[in-house]
């Protein structure tokens with residue numbers, strides 16, 4: 001028998017004031033997205049496993065919580081990510097809507113198991129997708145929006161880590177010598193910062209990429225000094241312009257890092273902040289596969305609200321006033337219209353502190369206690 | 001193979017503007033709850049089936065979507081209702097918090113199958129629970145809050161249907177003659193308004209309860225004329241006071257109706273409105289079982305937001321302005337601060353109508369188009 005009050009591993013209740021903080025952060029972030037023209041969509045929590053899974057990578061697909069639908073006998077799954085659902089909506093139900101299409105979303109996601117850094121199995125994901133373009137201008141808008149939205153939460157120490165997920169493949173395509181290594185070998189050696197390994201396989205040309213990681217301005221300068229094809233140089237210019245347009249936050253560039261998001265195209269990014277372990281959010285450019293088998297360019301980001309809540313952000317400092325028995329309803333309504341949360345005493349001995357009230361109504365005005 | 005874009009039966013995407021309307025309604029309703037002192041809790045979407053199921057009636061328990069947890073091998077279920085989760089929190093993690101405890105919640109719920117009236121399997125439930133009292137004052141507060149919150153959504157034709165779920169049992173306990181009928185027989189005959197059946201079993205004393213259904217004032221007067229025990233008469237007085245304190249909406253009393261919510265105690269209620277098929281919400285007094293096996297009185301209500309959205313409520317009429325290429329970032333920020341949603345053109349030929357913009361920026365001011 002399950003003890004009353006016990007929850008399965010990796011699942012938790014949010015209590016006051018954290019539950020309200022979660023709602024306030026979601027509201028604030030999505031309001032910022034809306035003010036930049038992103039329109040809300042709300043896909044369902046559950047879809048066909050085949051449909052959800054086909055829009056995830058293999059490892060992520062194994063993290064889907066799945067079950068047999070008692071109605072259709074199909075295998076359904078709880079979504080572990082909303083990005084893919086938004087892409088599905090964009091290329092099916094909103095296929096005829098003009099591009100770029102700007103969509104936002106917010107809601108819970110679930111996965112089979114948490115990680116050491118983030119043991120929760122249920123979390124709240126919010127984000128935007130800009131569909132129909134992954135141009136430098138689109139990337140600039142999306143990265144800037146992520147930074148603006150997070151800054152609006154009061155998060156301190158916000159920093160941005162940029163990556164160029166297709167850089168190595170682009171250089172190989174442009175003729176940089178692989179020696180006896182494969183593209184995958186070179187990417188793995190770069191992920192491990194393995195200079196010796198690169199040289200051993202005759203792929204020493206890629207070594208300078210390891211040194212070109214760090215604060216964005218210096219990293220961009222180091223990269224620009226390399227013999228790059230024009231297309232890559234244009235992307236560096238786009239990254240430099242994007243960085244220049246950001247407010248004064250720490251920006252690093254780790255050009256060959258892929259963060260396990262191999263589906264991204266020319267730019268990827270992660271966001272970090274003071275007091276939040278691990279990433280707060282991530283995003284990048286990618287391609288959505290349409291029902292006709294074509295692809296459509298897109299760029300977006302997801303933010304994970306729970307890390308912000310755990311860091312103490314979003315807490316709403318409500319002014320709470322206890323209304324003694326018999327308080328006139330019109331007086332109570334006026335206080336609420338003035339921004340007070342009113343707590344009606346149901347007995348003559350109700351004490352303000354028991355109800356987290358900072359004030360008690362004295363006549364027609366709140367009195368601090 | 002599942003066609004791209006196909007969703008399982010009973011599940012749907014919310015698109016613009018309905019997705020935003022859902023979020024706006026949830027925000028408005030929960031803000032009203034907060035202004036009345038109700039503090040937010042957020043239980044998980046998934047719990048042990050045993051735990052969720054034990055707080056539901058038998059029929060509702062069969063509607064839980066369940067699956068085996070790949071981690072613990074326990075049977076888990078997706079919640080079909082949040083009320084029971086809030087009760088669990090109240091009597092476990094918040095057992096030591098002063099009563100009455102006022103909690104609110106909002107979130108998705110899922111069930112195995114929809115109904116003919118409401119085919120969706122996923123819906124958004126919001127509500128409040130007042131825990132530690134089901135006194136007339138508590139009932140008055142909760143019913144009034146439900147009406148106030150719904151009125152704030154702009155819903156027209158709001159009406160309230162009150163019930164007294166334990167009335168028949170209370171009258172039997174006070175000695176009203178059952179004849180050859182059982183309590184369950186009488187309740188079933190009253191549910192079917194079966195006058196002949198009541199008389200045939202010698203339970204004709206209960207017949208006047210059938211006529212005492214209808215507009216609340218008249219129904220209360222008819223009931224008051226019956227030979228009632230003092231405890232029931234006191235409850236009628238409480239219902240009359242509650243009705244008198246409400247704004248000018250249609251209130252009916254169907255004293256013996258139980259709406260399938262047999263766990264309710266002395267009062268139950270349902271809410272209806274123009275353009276919304278079926279109930280918008282329901283509530284009532286009930287008892288929460290504590291881990292020690294005792295009970296704690298509570299009263300609350302749940303509202304179902306999807307019916308309001310489907311009736312066209314909650315749609316946010318955003319002022320959207322297209323920003324031509326090269327618009328100054330400071331000008332854009334000022335427009336957003338003034339309440340505009342800005343849509344940045346990513347190409348010189350962007351047309352306002354394609355992005356649902358009502359205005360285009362002309363110099364530093366929006367111009368209607």
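Protein chains in written order, with UniProt numbering: chain A, 1 to 369; chain B, 1 to 369.
In this text, a Cβ means the ideal position worked out from N, Cα and C, and glycines have one as well.
Quick check on residue i: buried or exposed, where buried means 16 or more other Cβ atoms within 10 Å of its Cβ?
{"i": "residue 292/A", "result": "exposed"}
{"i": "residue 296/A", "result": "buried"}
{"i": "residue 115/A", "result": "exposed"}
{"i": "residue 369/B", "result": "exposed"}
{"i": "residue 6/A", "result": "exposed"}
{"i": "residue 167/A", "result": "buried"}
{"i": "residue 182/A", "result": "exposed"}
{"i": "residue 325/B", "result": "exposed"}
{"i": "residue 14/A", "result": "buried"}
{"i": "residue 72/A", "result": "exposed"}
{"i": "residue 57/A", "result": "exposed"}
{"i": "residue 20/B", "result": "buried"}
{"i": "residue 40/B", "result": "buried"}
{"i": "residue 134/B", "result": "buried"}
{"i": "residue 171/A", "result": "buried"}
By Cβ distance below 6 Å, which residues in the same chain neighbour residue i in space, the five residues on each side in sequence not counted?
{"i": "residue 77/B", "result": "49, 52, 64 and 66"}
{"i": "residue 258/B", "result": "165"}
{"i": "residue 149/B", "result": "29 and 32"}
{"i": "residue 275/B", "result": "311"}
{"i": "residue 309/A", "result": "18, 21 and 22"}
{"i": "residue 203/A", "result": "178, 179, 181 and 186"}
Would you report the Cα separation of residue i and residue j, rounded to the nearest angstrom?
{"i": "residue 216/B", "j": "residue 108/A", "result": "42 Å"}
{"i": "residue 241/A", "j": "residue 140/A", "result": "8 Å"}
{"i": "residue 46/A", "j": "residue 329/B", "result": "39 Å"}
{"i": "residue 105/A", "j": "residue 311/A", "result": "22 Å"}
{"i": "residue 214/B", "j": "residue 304/B", "result": "25 Å"}
{"i": "residue 185/B", "j": "residue 191/B", "result": "10 Å"}
{"i": "residue 370/A", "j": "residue 234/A", "result": "Limits of chain A in this structure are 1 at one end and 369 at the other, which puts residue 370/A out of reach."}
{"i": "residue 176/B", "j": "residue 33/B", "result": "41 Å"}
{"i": "residue 96/B", "j": "residue 16/A", "result": "14 Å"}
{"i": "residue 287/B", "j": "residue 163/B", "result": "17 Å"}
{"i": "residue 123/A", "j": "residue 42/A", "result": "16 Å"}
Less than 7 Å between C-beta atoms, sequence neighbours within five positions excluded: which residues of the same chain meet that for residue i?
{"i": "residue 101/B", "result": "90, 94, 131 and 132"}
{"i": "residue 38/B", "result": "102, 103, 104 and 128"}
{"i": "residue 356/A", "result": "320"}
{"i": "residue 118/B", "result": "278"}
So what's residue i in DSSP terms, helix, strand or just coil?
{"i": "residue 230/A", "result": "helix"}
{"i": "residue 281/B", "result": "strand"}
{"i": "residue 156/B", "result": "coil"}
{"i": "residue 40/B", "result": "strand"}
{"i": "residue 125/A", "result": "strand"}
{"i": "residue 364/B", "result": "coil"}
{"i": "residue 300/A", "result": "strand"}
{"i": "residue 237/B", "result": "helix"}
{"i": "residue 331/A", "result": "helix"}
{"i": "residue 120/B", "result": "coil"}
{"i": "residue 183/A", "result": "helix"}
{"i": "residue 307/A", "result": "helix"}
{"i": "residue 113/A", "result": "coil"}
{"i": "residue 210/A", "result": "helix"}
{"i": "residue 32/B", "result": "helix"}
{"i": "residue 74/A", "result": "coil"}
How close, in whole Å, do the beta carbons of residue i and residue j come, if the pair is a contact with beta carbons under 8 Å?
{"i": "residue 10/B", "j": "residue 113/B", "result": "7 Å"}
{"i": "residue 121/A", "j": "residue 110/A", "result": "6 Å"}
{"i": "residue 35/A", "j": "residue 341/B", "result": "5 Å"}
{"i": "residue 249/B", "j": "residue 160/B", "result": "6 Å"}
{"i": "residue 142/A", "j": "residue 103/A", "result": "So it is not a contact: roughly 12 Å between Cβ atoms."}
{"i": "residue 212/A", "j": "residue 222/A", "result": "4 Å"}
{"i": "residue 282/A", "j": "residue 272/A", "result": "In fact, because the Cβ distance is near 10 Å, the residues do not count as touching under 8 Å."}
{"i": "residue 247/A", "j": "residue 147/A", "result": "7 Å"}
{"i": "residue 302/B", "j": "residue 187/B", "result": "About 24 Å separates the two Cβ atoms, so there is no contact after all."}
Leaving out the 5 sequence neighbours to the left and right, which residues in its chain are closer than 8 Å to residue i when beta-carbon positions are compared?
{"i": "residue 367/A", "result": "359, 360 and 361"}
{"i": "residue 193/B", "result": "210"}
{"i": "residue 68/B", "result": "74, 75 and 76"}
{"i": "residue 313/A", "result": "21, 25, 153, 154 and 155"}
Check the Cβ-Cβ distances between residue i and every residue of chain C, and say whether any is below 9 Å.
{"i": "residue 298/A", "result": "The chain inventory of the structure shown lacks chain C, comprising the protein chains A and B."}
What I want to know is whether the C-beta of residue i ends up closer than 8 Å to one or more non-hydrogen atoms of the ligand SAM.
{"i": "residue 237/B", "result": "With respect to the ligand SAM, the structure shown offers nothing to examine, as it has no ligands at all."}
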